[in-house]
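Q: Before I ask anything, let me first share the structure, which is written out below as structure tokens.
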Amino acid sequence: MGKTFHKPLALSDQVTHYCPGCTHGVIHRLVAEVIDELGIERRTVGIAPVGCAVLMYNYFTFDFLEAAHGRAPAQATGMKRVRPDLVVFTYQGDGDLASIGMGEIIHAANRGEKITVIFVNNAVYGMTGGQMAPTTMPNQRTTTSPFGRRVQEVGMPIKMAELLAALQTPAYIARQTVIKPKFVNKAKKSIKKAFEYQLAGQCFSFVEVVSTCPTNWGLTPVEAVRWAEETMLPYYQLGELKTPE
Amino acid sequence: MSKVLMKGNEAIGEAAIRAGCLNYFAYPITPQSEVAEYLSRRLPEMGGVFLQGESEVAVSYMIFGAAAAGERVFTTSSSPGISLMSEGISYMVGAQCPAVFVNIMRGGPGLGGILPSQADYLQATKGIGHGDCRLLVLAPASVQEAVEMVMTAFPLAEKYRNPVMILGDGLIGQMMEPVEFPDHLKTAPSNKDGWAVNGMETRKSDRRNLIRSLYLDPEKLNDNNLILKAKYDRMKKEEVRFEAYNTDGDYGVLIVSYGTMSRVCRTAIDQLKERGIEVGMIRPQTVFPFPETAVEKAARKKSCRVVASIEMSMGQMVEDVERAVKGKRPVKWYGKCGGDVPTPEEVMTFVTSLAA
Numbered sequence: 001m002g003k004t005f006h007k008p009l010a011l012s013d014q015v016t017h018y019c020p021g022c023t024h025g026v027i028h029r030l031v032a033e034v035i036d037e038l039g040i041e042r043r044t045v046g047i048a049p050v051g052c053a054v055l056m057y058n059y060f061t062f063d064f065l066e067a068a069h070g071r072a073p074a075q076a077t078g079m080k081r082v083r084p085d086l087v088v089f090t091y092q093g094d095g096d097l098a099s100i101g102m103g104e105i106i107h108a109a110n111r112g113e114k115i116t117v118i119f120v121n122n123a124v125y126g127m128t129g130g131q132m133a134p135t136t137m138p139n140q141r142t143t144t145s146p147f148g149r150r151v152q153e154v155g156m157p158i159k160m161a162e163l164l165a166a167l168q169t170p171a172y173i174a175r176q177t178v179i180k181p182k183f184v185n186k187a188k189k190s191i192k193k194a195f196e197y198q199l200a201g202q203c204f205s206f207v208e209v210v211s212t213c214p215t216n217w218g219l220t221p222v223e224a225v226r227w228a229e230e231t232m233l234p235y236y237q238l239g240e241l242k243t244p245e
Numbered sequence: 001m002s003k004v005l006m007k008g009n010e011a012i013g014e015a016a017i018r019a020g021c022l023n024y025f026a027y028p029i030t031p032q033s034e035v036a037e038y039l040s041r042r043l044p045e046m047g048g049v050f051l052q053g054e055s056e057v058a059v060s061y062m063i064f065g066a067a068a069a070g071e072r073v074f075t076t077s078s079s080p081g082i083s084l085m086s087e088g089i090s091y092m093v094g095a096q097c098p099a100v101f102v103n104i105m106r107g108g109p110g111l112g113g114i115l116p117s118q119a120d121y122l123q124a125t126k127g128i129g130h131g132d133c134r135l136l137v138l139a140p141a142s143v144q145e146a147v148e149m150v151m152t153a154f155p156l157a158e159k160y161r162n163p164v165m166i167l168g169d170g171l172i173g174q175m176m177e178p179v180e181f182p183d184h185l186k187t188a189p190s191n192k193d194g195w196a197v198n199g200m201e202t203r204k205s206d207r208r209n210l211i212r213s214l215y216l217d218p219e220k221l222n223d224n225n226l227i228l229k230a231k232y233d234r235m236k237k238e239e240v241r242f243e244a245y246n247t248d249g250d251y252g253v254l255i256v257s258y259g260t261m262s263r264v265c266r267t268a269i270d271q272l273k274e275r276g277i278e279v280g281m282i283r284p285q286t287v288f289p290f291p292e293t294a295v296e297k298a299a300r301k302k303s304c305r306v307v308a309s310i311e312m313s314m315g316q317m318v319e320d321v322e323r324a325v326k327g328k329r330p331v332k333w334y335g336k337c338g339g340d341v342p343t344p345e346e347v348m349t350f351v352t353s354l355a356a
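Taken in sequence, the protein lines are chains V and L. Be aware that the first sequence starts at 1, since it is given in the numbering used here, and climbs by one per residue. Be aware that the second sequence starts at 1, since it is given in the numbering used here, and climbs by one per residue.
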């Protein structure tokens, strides 16, 4: 009996440090599968964020550049402009992309940089211990919003996919999730499409992935999935928000 | 090679191209925006990469990304913009990526002014970024020298796998002087396959490269810092550059001055000589590494009674001068910092007051 299922070649043998119920493991795998299928490992450079995935370069087998917090799209811009033949992607969390990195992501998208951005949205700052993020839901308790996110004080959560889709430059902008098996294939399809747009040299590509963070939400992995489905998915709606065509 | 009359900023841009650097990311800021304006036209002509970034913060990281991909790249900015690049530069030092940063200094602190200053000396030589972070810093005193320094900066950055800074000022950026682009300073980029993230296919290798500055293990971080320190120590041994002026004979006052200010001092020295007053000068051409030995030696001349650090700041290089002189002579300071360049007369008045 032959092998019907195996670890993607683009993933290393390193055991990950992620928490039980964390979606990074699934998203990493989807990215690796796409890279395997497209056969681009040898010309791909990943740009790692500051966040729980700060050590993601340990889990992949190809070239990686560590980014400063929020600056990955700028680093990707510099790299892709001088080496357009490389496949360059960033992988960023909510603090990284939607807070400190807001300027960099909007301008990279607006310039139409031919890079791919994977945005892991779990409504909280994971690595630093659960502080409020720009994507934190109204009334959601975090370590810096102990009484719940007070919308009158700090505003509503930011819908990054919609924000970027509103730019006039053609792009591929999608939002998916991996919190349940029924959503995972769609997520992979979007991620693959995103890389394919880059390979065609066509446009900026962005896939937001609604994710869970049981540890910092103070929930079990199963409760976390339920909370994400009930609270996040109605607000962060799934689908392809924009295609370049 | 023929001489052309060029504005400093434009000559700096052209010098990078002559050095084989065809990649430039930058943000406009007075008094150096002409570099971007010049290169926005010139680089596409050369098949190079020009991009105006959205901020100096973003630009510093574009530089990092391009350098990490193994390409020669540079940027220019001015004081407040360099402050914004501080974090990015620290990252590049920690990750050992080469690039060239040019600071056309203007008045500060804060929004300051748009006229020349030398008030980023401490920033450039001691505090360019957090951590044990040093840059090799070259300080030109003319447009010609700026051209030559830009051209040597790229191989130096690659030699050390560390960013190199050209510390100029608004006068050098704005004035027009005759320039000859030296052929002999052209160097091919070094092979970066040992460390660059330029794709395994490019390197024809199955081994991937990783560029980072995070070392959570304290021993590994210390090891990285030992590597960096060894570079700085090597710079101190191999890269000191300075010019001595009127130091062969006796002199009562030794001036230490760099960049535009040193040219004014040179005129003052020449005019004082006519009056029978001898003044010597050590002009650092590298401010990191600082020419400590040269300054100490020149200060210890028997005839020399006092050393003066003359700079367009409220006294920054004076600390390095004091340290070099090791208390053997009194060290004084003279400067202005609003954007006016002190005149030769002002320098002469100050120097004669010392000699008295």
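Ideal Cβ placement from N, Cα and C applies to all residues, glycine included.
Is the region 274-283 of chain L in contact with the region 147-157 of chain L, if contact means three or more CB pairs nearer than 8 angstroms?
A: With the cut-off at 8 angstroms, the region 274-283 of chain L and the region 147-157 of chain L do not touch.
Q: Specify, as a first and last residue, the run of the alpha helix (DSSP H) that G173(L) falls within.
A: Here the alpha helix (DSSP H) through G173(L) covers G170 to Q174.
Q: Measuring only the C-alpha atoms, how far is A68(V) from A298(L)?
A: Those two C-alpha atoms are separated by around 45 angstroms.
Q: Taking only beta-carbon positions, decide if G199(L) is within less than 7 angstroms of chain V.
A: Output row for G199(L): interface = yes.
Q: E162(V): which of Q237(V), R42(V) and V15(V) sits nearest, CA to CA?
A: Looking at the Cα atoms, Q237(V) is the closest of the given residues.
Q: Helix, strand or coil: how does DSSP classify W227(V) here?
A: Three-state DSSP puts W227(V) in a helix.
Q: So, G173(L) versus P31(L), is the Cβ gap smaller than 7 angstroms?
A: Cβ distance < 7 angstroms, so G173(L) and P31(L) count as in contact.
Q: Could you compute how far the alpha carbon of M137(V) sits from the alpha carbon of K159(V)?
A: Distance between the alpha carbons of M137(V) and K159(V) is about 11 angstroms.
Q: So which residues of chain L does Q75(V) contact, with C-beta pairs closer than 8 angstroms?
A: Simply Y61, M62, F64, G65 and A68.
Q: When the cut-off is 7 angstroms and only beta carbons count, does Y91(L) lie next to chain V?
A: Chain V contact via Cβ: present.
Q: Within the continuous beta strand (DSSP E) that includes G93(V), where are the two ends?
A: Counting along the chain, the beta strand (DSSP E) containing G93(V) begins and ends at V87 to G93.
Q: Within its chain, find whatever has a CB closer than 8 angstroms to the CB of D85(V); leave out the 5 residues flanking it on each side and keep chain order.
A: If we look at D85(V) and ignore the five residues flanking it on each side, its Cβ neighbours are R43.
Q: Note the first and the last residue of the continuous beta strand (DSSP E) segment covering A244(L).
A: It spans F242 to Y245 - the beta strand (DSSP E) in which A244(L) sits, taken as one unbroken run.
Q: For the alpha helix (DSSP H) that contains G25(V), what are its first and last residues?
A: Residues H24 to L38.
Q: Answer yes or no: does any C-beta atom of chain L fall closer than 7 angstroms to that of R81(V)?
A: Answer yes: the Cβ-Cβ gap between R81(V) and chain L drops below 7 angstroms somewhere.
Q: Can you grab the Cα-Cα spacing for the pair V325(L) / I227(L), in whole Å?
A: One C-alpha to the other measures close to 29 angstroms.
Q: Quick check on L199(V): buried or exposed, where buried means 16 or more other Cβ atoms within 10 Å of its Cβ?
A: L199(V) comes out exposed.
Q: Whole alpha helix (DSSP H) runs in the region 93-161 of chain V with 4 or more residues, listed along the chain?
A: Whole alpha helix (DSSP H) segments, 4+ residues: 102-111 and 151-154.
Q: Distance, Cα to Cα, Q144(L) vs K3(L)?
A: Going by the C-alpha atoms only, they are around 10 angstroms apart.
Q: Output yes if chain V places a C-beta closer than 7 angstroms to the C-beta of R212(L); else output no.
A: Closer than 7 angstroms: yes.
Q: For the region 84-98 of chain V, enumerate the residues whose C-beta is nearer than 7 angstroms to any C-beta of chain L, in chain order.
A: The residues in question are L86.
Q: Short of 6 angstroms in beta carbon distance, which residues of its chain neighbour A119(L), apart from the five on each side in sequence? Order them along the chain.
A: Excluding sequence neighbours, A119(L) sits near G108, S313 and C337.
Q: So if I threshold CB-CB distances at 8 angstroms, which residues from the region 36-55 of chain L count as touching chain V?
A: The region 36-55 of chain L vs chain V, Cβ under 8 angstroms: V49, L51, G53, E54 and S55.
Q: With DSSP run on the structure shown, which of helix, strand or coil describes S90(L)?
A: Correct three-state label for S90(L): helix.
Q: K192(L): buried (16+ other C-beta within 10 angstroms of its C-beta) or exposed?
A: Classification for K192(L): buried.
Q: Using a cut-off of 8 angstroms between C-beta atoms, extract the partners of V210(V) located in chain L.
A: Near V210(V) there are no residues of chain L at all, since even the closest Cβ is about 27 angstroms away, more than 8 angstroms.
Q: Tell me where the alpha helix (DSSP H) around T77(V) begins and ends.
A: Per DSSP, T77(V) belongs to the alpha helix (DSSP H) from A72 to V82.
Q: For F64(L), which option in A95(L), E177(L), E346(L) and E238(L) has the closest C-alpha, if you only look at C-alpha atoms?
A: For F64(L), the nearest C-alpha among the options comes from A95(L).
Q: Are the C-beta of E71(L) and some C-beta of chain C separated by less than 7 angstroms?
A: Absence of chain C from the displayed structure is noted, the protein chains being V and L.
Q: Taking contact to mean at least 3 C-beta pairs separated by less than 8 angstroms, is the region 88-100 of chain V in contact with the region 37-57 of chain V?
A: Yes: at least three Cβ pairs fall under 8 angstroms.
Q: Specify the secondary structure class of A200(V) as computed by DSSP and reduced to three states.
A: Coil.
Q: Assign V100(L) to buried or exposed, taking buried as 16 or more other Cβ atoms, counted over all protein chains shown, within 10 Å of its Cβ.
A: When all chains shown are included, V100(L) counts as buried.
Q: Tell me the DSSP secondary structure of E177(L) in three-state form.
A: In the structure shown, E177(L) sits in a strand (DSSP, three-state: E or B).
Q: Could you tell me the boundaries of the alpha helix (DSSP H) in which M62(L) lies?
A: It spans E56 to A68 - the alpha helix (DSSP H) in which M62(L) sits, taken as one unbroken run.
Q: Please list the residues of the region 11-22 of chain V that have a C-beta atom closer than 9 angstroms to any C-beta atom in chain L, keeping them in chain order.
A: Of all residues in the region 11-22 of chain V, none has a Cβ within less than 9 angstroms of some Cβ in chain L.
Q: Could you check if R234(L) is buried or exposed, using at least 16 other CB atoms within 10 Å of its CB as the buried criterion?
A: Looking at its Cβ environment, which holds fewer than 16 other Cβ atoms inside 10 Å, R234(L) is exposed.
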